[in-house]
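Inspection log for the structure reproduced underneath, given as structure tokens.
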Amino acid sequence: MPELPEVETTMRALAARLRGRRILRLERRVERLRSPLPPDLERKVNGRRMVDFSRRAKYILIHLDNSDSLLLHLGMSGRLLFDGAPRGRHEHLTFFCEGGTVLRFVDPRRFGLLLLIPERDLDGHPRLAGLGVEPLSPAFDGTRLEALLAGRRCSIKTALLDQRLVVGIGNIYACEALFRAGISPRRRAGLLGPRRCARLARAIVAVLEEAIAAGGSSLRDYVGADGQAGSFQNDFRVYGREGEACRRCGGMVRRIVQGGRATFFCPACQR
Ligand SMILES: [Zn+2]
Numbered sequence: 150m151p152e153l154p155e156v157e158t159t160m161r162a163l164a165a166r167l168r169g170r171r172i173l174r175l176e177r178r179v180e181r182l183r184s185p186l187p188p189d190l191e192r193k194v195n196g197r198r199m200v201d202f203s204r205r206a207k208y209i210l211i212h213l214d215n216s217d218s219l220l221l222h223l224g225m226s227g228r229l230l231f232d233g234a235p236r237g238r239h240e241h242l243t244f245f246c247e248g249g250t251v252l253r254f255v256d257p258r259r260f261g262l263l264l265l266i267p268e269r270d271l272d273g274h275p276r277l278a279g280l281g282v283e284p285l286s287p288a289f290d291g292t293r294l295e296a297l298l299a300g301r302r303c304s305i306k307t308a309l310l311d312q313r314l315v316v317g318i319g320n321i322y323a324c325e326a327l328f329r330a331g332i333s334p335r336r337r338a339g340l341l342g343p344r345r346c347a348r349l350a351r352a353i354v355a356v357l358e359e360a361i362a363a364g365g366s367s368l369r370d371y372v373g374a375d376g377q378a379g380s381f382q383n384d385f386r387v388y389g390r391e392g393e394a395c396r397r398c399g400g401m402v403r404r405i406v407q408g409g410r411a412t413f414f415c416p417a418c419q420r
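Structure follows, in structure tokens:
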């Protein structure tokens with residue numbers, strides 16, 4: 150599933166190619182993805198200029214010149230791809246854009262989402278209202294993280310996946326950030342203390358920024374909008390490396406299950 154770096158990479162590619170351009174025509178081949186597509190989508194979107202692009206958590210926002218926004222989520226397997234050949238029955242939406250660019254939404258499992266929301270309703274929209282802090286915003290640091298974790302009895306690994314606290318961190322980047330911070334994934338979230346929280350906040354920012362610079366992580370079939378795979382999976386220090394040597398101490402990377410999800414960590418380096 151795409152996490153923050155993959156969504157950010159995709160959003161930046163869209164902005165670079167399409168900012169300021171019009172959607173000439175939108176074609177749909179399905180009536181619903183995870184939820185029904187808006188019935189009047191084409192009427193409201195065709196001819197509109199895409200004035201800006203942004204990301205909130207794992208949602209891509211396309212801001213239109215009529216004060217509506219398209220809210221897009223890639224779900225489990227969704228991809229936005231420029232041009233290329235049509236992707237058969239899994240290409241559910243096609244945006245024909247000014248300047249000849251074709252943007253295809255391809256989603257074999259159909260867990261993706263496309264909604265049209267008036268700009269003024271975005272902040273209070275049920276999909277966005279309960280979301281936690283953006284880890285790459287100035288508002289996020291060790292002090293903020295410690296406040297968010299206060300009183301939480303779950304493990305720090307499980308807390309990092311809670312999108313009501315901090316958004317966009319999934320299983321991969323939670324494991325990688327905890328390794329870089331030298332913190333055991335089993336520590337109780339509410340008892341980390343200020344020094345560990347500061348270290349962890351710095352590690353989260355560093356790992357996300359490195360992953361964005363690498364174009365995200367390509368596991369299974371994730372590719373960016375230009376069809377390029379990301380390369381951050383080559384830099385994983387613990388994720389998916391059960392039984393392999395820790396890159397820091399040479400000990401063995403272990404795998405445990407927490408909250409139903411696999412956690413990879415080095416028991417020697419992470420305390
Ligand atoms: Zn180690």
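In this text, residue positions in the sequence shown follow my numbering: the first is 150, and each later residue adds one. Note that beta-carbon positions come from the ideal geometry of N, C-alpha and C, so glycine has one too. Quantities reported herein were computed from a predicted structural model and do not represent experimental measurements.
Here GLY169 is exposed. Its C-beta has fewer than 16 other C-beta atoms within 10 Å. The C-beta of CYS398 has fewer than 16 other C-beta atoms within 10 Å across all chains shown, which makes the residue exposed. Distances taken from the Cβ of ALA330 to the heavy atoms of ligand 1 include none shorter than 7 Å. Less than 8 Å separates the beta-carbon of GLU240 from that of ARG178.
Here the residues close to ligand 1, judged by CB distance below 5 Å to any of its heavy atoms, are CYS395, ARG397, CYS398, GLY400, CYS415, ALA417, CYS418 in chain order. In its chain, beyond the 5 residues on either side, THR243, ARG253 have a beta carbon closer than 8 Å to the beta carbon of PRO235. Each of GLY300, GLY364, PRO154, HIS274 was checked against the Cα of ARG336, and the nearest Cα belongs to GLY300. Membership of CYS246 in the beta strand (DSSP E) is indicated by the continuous run 240 to 246. Taken through DSSP and simplified to helix, strand or coil, LEU182 comes out as coil. With a threshold of 16 other beta carbon atoms within 10 Å, ALA352 meets it and is buried. The beta carbon of SER216 lies closer than 8 Å to those of PRO267, GLU268, ARG269 in the same chain, with the five residues before and after it left out. Residue range 342 to 362 is occupied by the alpha helix (DSSP H) that includes VAL354, with no beta strand (DSSP E) assigned at that position.
Closest option to HIS222, judged by alpha-carbon separation, among ASP214, PHE231, SER203, ASP232: SER203. Per DSSP, reduced to three states, the secondary structure at ALA206 is coil, with no helix or strand assignment. Annotated three-state conformation of PHE260 is coil, per DSSP. If you draw a straight line from the Cα of GLU283 to the Cα of THR292, it is about 14 Å long.
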